[in-house]
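Residue numbers (my numbering): 7 to 744. Think of the CB as a built atom: it goes at the ideal place given N, C-alpha and C, for glycine as much as any other residue. Taking it in order: structure first as structure tokens, then the write-up.
Here it is in structure tokens:
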């Protein structure tokens with residue numbers, strides 16, 4: 007059962023992260039069956055390994071600032087991370103649009119953290135390099151780099167960038183030429199020979215027990231390997247530093263690795279003492295201003311066109327570290343809004359690289375296997391192989407035990423909030439996004455600004471078809487008014503999180519019984535389940551014109567489905583779409599197929615009735631923002647054509663009104679039929695159809711917000727259509743959810 011974690015009254019924020027590598031992410035998804043979260047995501051810490059932490063969640067009481075942020079601005083609730091894996095591959099998508107060096111499927115996919123790091127540098131083109139070529143100002147802000155510079159483990163957690171600026175891992179940025187790192191390596195090159203000699207002498211003088219000998223051998227091997235690594239680096243530098251790089255390389259280095267070197271305390275920690283009830287507590291925190299350079303640039307109006315902020319581990323909200331991140335985000339907004347001239351032209355996008363190991367009830371849209379049609383299809387312009395890792399390819403990367411075949415992404419949902427004068431009002435945007443959506447947004451923004459086409463060619467056509475460019479989240483005019491956020495004082499907030507370290511682990515969870523599962527199945531509104539907060543939010547118009555329908559083939563051996571992402575209403579702004587079809591082939595058995603349709607595209611696929619128990623088909627189709635279709639029947643379906651279409655507005659005729667129309671045609675020349683048609687679970691209306699007769703029934707959503715849910719039934723044959731009609735106007739979030 008999903009259960010509340012309670013960040014203040016339990017030590018959950020001090021219990022470490024859950025598994026979230028490529029292997030367990032793929033295993034939890036289980037080819038779309040989505041049923042192995044508890045087995046794949048068991049906590050790695052032995053004392054917690056039996057806790058179902060993957061099913062935990064927070065409420066407004068736990069993270070009030072993030073709720074306030076969503077209340078004030080726009081939350082994107084269909085934002086997925088880019089990859090079914092951990093940190094670095096997802097950040098590679100955010101900074102470069104890809105995880106492959108070359109744009110073909112045989113190029114190795116770097117889907118694990120260790121594939122690209124300080125010792126395994128990448129070299130493909132990054133988005134900041136394109137900004138440099140286009141003459142667009144940019145900068146990556148962090149307090150300090152992760153490349154070795156002599157920080158202790160605790161200092162690194164509070165002060166460095168946690169390895170979350172992946173530009174450190176690209177050879178063209180020359181992170182190893184950073185002054186702090188070069189000075190550190192020079193010191194270690196002087197120290198290491200003496201440390202190695204001392205350890206060798208200790209080993210020769212004292213045999214010790216087997217464990218001690220093995221430990222010394224391991225230490226000695228590590229010291230020698232480190233010495234060799236630093237000697238190779240020195241040889242590569244040739245004794246020269248940044249001054250020997252080209253002007254382009256120096257510019258890339260300076261912009262990518264902007265740190266707070268101007269703050270004397272930027273590499274120091276201070277001690278904080280506070281009272282926690284009857285106990286006196288102590289903790290350490292940064293002495294300097296982790297926003298020193300960013301704050302300075304905002305105050306002076308020198309913020310570049312594009313900025314990335316990369317937090318230290320302690321402020322990243324990664325579960326391997328206590329969740330101090332709300333203060334960090336609050337401080338960023340306090341800095342930005344502190345200069346009205348800067349804020350009135352600023353867009354701030356908050357997101358996270360991956361989901362750790364926490365369950366999300368929305369399965370991600372993914373690419374099908376490029377050679378197995380039974381896993382789904384894509385329209386002709388898409389190469390699904392670019393977004394899929396086949397088993398043999400992965401075995402070459404990691405060997406047979408850790409290798410996993412599966413899509414690169416999308417990964418699981420992660421929060422995204424867009425704060426700006428054009429996203430005020432506590433709105434929701436439900437278009438599908440991922441990390442490359444940020445780059446697609448910058449393409450749109452910069453193309454307009456520069457008066458020429460700006461494109462990140464690393465982004466695949468599958469991703470462009472499936473993921474939007476964020477523009478649907480914005481209102482046409484800026485709003486200067488809105489609720490004022492309360493920015494928590496730093497030390498007070500840190501103390502609150504730190505004091506939770508001394509609480510008990512979270513509780514209140516239990517395994518569901520068979521009887522409870524049956525109750526939930528029969529009543530989804532049961533009080534047993536966690537409930538979303540009531541009410542609806544203003545919801546942005548989306549450029550979707552989606553169609554999905556189906557019918558038996560002529561021989562009545564297959565049910566044929568067609569999927570469309572039409573472009574009649576929204577023209578060049580039209581979005582493509584992902585779809586997922588679940589075939590419920592028998593009790594506890596399901597087949598999953600994934601699809602991607604480009605704007606203006608159409609796909610067709612068929613499902614053999616023989617694959618379903620008793621040859622009774624049951625198909626459920628899911629698309630973005632509540633788009634849903636369900637088809638249930640058999641080879642004995644009545645000879646009737648049922649279809650849903652969107653009603654057109656009177657003026658202009660190419661727009662949609664928000665209503666839907668069900669049409670039914672009786673193709674049986676000898677039988678009269680009685681159809682039951684029901685909308686929004688209201689009472690069914692019975693309609694008689696004579697042979698050859700055609701009828702049309704129109705349904706307007708009760709609140710005129712475009713939401714519809716219509717079911718047509720004839721005996722044991724059913725079709726159900728649900729979703730929202732996109733009219734180009736602002737609407738509300740799904741009223742049925744709350």
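- With fewer than 16 other Cβ atoms inside 10 Å of its own Cβ, residue 743 counts as exposed.
- Boundaries of the alpha helix (DSSP H) around residue 299: 298-305.
- Excluding its 5 nearest sequence neighbours in each direction, residue 32 has C-beta neighbours in its own chain below 7 Å: 90, 410, 412, listed in chain order.
- In the same chain as residue 633, and ignoring 5 residues on each side of it, the C-beta atoms closer than 6 Å to its own belong to 552, 729, in chain order.
- Counting the other Cβ atoms within 10 Å of the Cβ of residue 357 gives 16 or more, which makes it buried.
- Excluding residues up to 5 positions away in sequence, 427 lie with their Cβ nearer than 7 Å to the Cβ of residue 486 in the same chain.
- Residue 465 is positioned such that its CB atom lies no closer than 8 Å to that of residue 448.
- Taking all protein chains shown into account, residue 344 has fewer than 16 neighbouring C-beta atoms within 10 Å of its C-beta and is therefore exposed.
- The Cβ-Cβ distance between residue 606 and residue 579 does not fall below 8 Å.
- For residue 477, the closest of 524, 197, 617, 429 by C-alpha to C-alpha distance is 429.
- A distance of 8 Å or more separates the beta carbons of residue 405 and residue 440.
- Cβ contact annotation for residue 185 (same chain, cutoff 8 Å, sequence separation greater than five): 247, 248, in chain order.
- The criterion of a C-beta distance shorter than 8 Å is not satisfied by residue 564 and residue 609.
- Boundaries of the alpha helix (DSSP H) around residue 455: 441-456.
- Residue 229 and residue 78 have their C-alpha atoms roughly 53 Å apart.
- Here residue 322 is buried. Its C-beta has 16 or more other C-beta atoms within 10 Å.
- Residue 503 carries a helical assignment under DSSP once its states are collapsed to helix, strand and coil.
- For residue 651, the enclosing beta strand (DSSP E) stretches over residues 646-654.
- Here the C-alpha atom of residue 349 lies approximately 11 Å from the C-alpha atom of residue 309.
- Around the C-beta of residue 717, 16 or more other C-beta atoms lie within 10 Å, and the residue is accordingly described as buried.
- Here the alpha carbon of residue 128 sits roughly 19 Å from the alpha carbon of residue 137.
- Counted as a single uninterrupted DSSP element, the alpha helix (DSSP H) harbouring residue 400 occupies residues 397-404.
- Closest option to residue 479, judged by alpha-carbon separation, among 422, 497, 507: 422.
- For residue 387 and residue 492, the gap between their C-alpha atoms comes out near 48 Å.
- Here residue 111 has 391, 392 as same chain residues with Cβ atoms under 6 Å from its own Cβ, once five neighbours each way along the sequence are excluded.
- Taken through DSSP and simplified to helix, strand or coil, residue 722 comes out as coil.
- Residues of the same chain with a CB within less than 6 Å of the CB of residue 23, apart from the 5 flanking positions on each side, are 325, 326, 362 in chain order.
- Excluding residues up to 5 positions away in sequence, 618, 619 lie with their Cβ nearer than 8 Å to the Cβ of residue 592 in the same chain.
- In this chain, the beta strand (DSSP E) harbouring residue 672 covers 662-672.
- Residue pairing of residue 638 in beta bridges, as defined by DSSP: 624, 724.
- Note: residue 699 is not bridge-paired with any residue in the DSSP secondary-structure output.
- Taking 3 residues as the shortest admissible run, the stretch 365-430 contains the following complete beta strand (DSSP E) segments, listed from N- to C-terminal end: 382-384, 422-425.
- Nearest Cα to residue 585 within the set 8, 506, 604, 547: 604.
- Closest in alpha carbon position to residue 47, among 25, 38, 57, is 25.
- Check the Cα spacing between residue 122 and each of 134, 106, 133, 135: the tightest is with 106.
- Shown here, residue 612 sits in a strand according to DSSP, grouped into three states.
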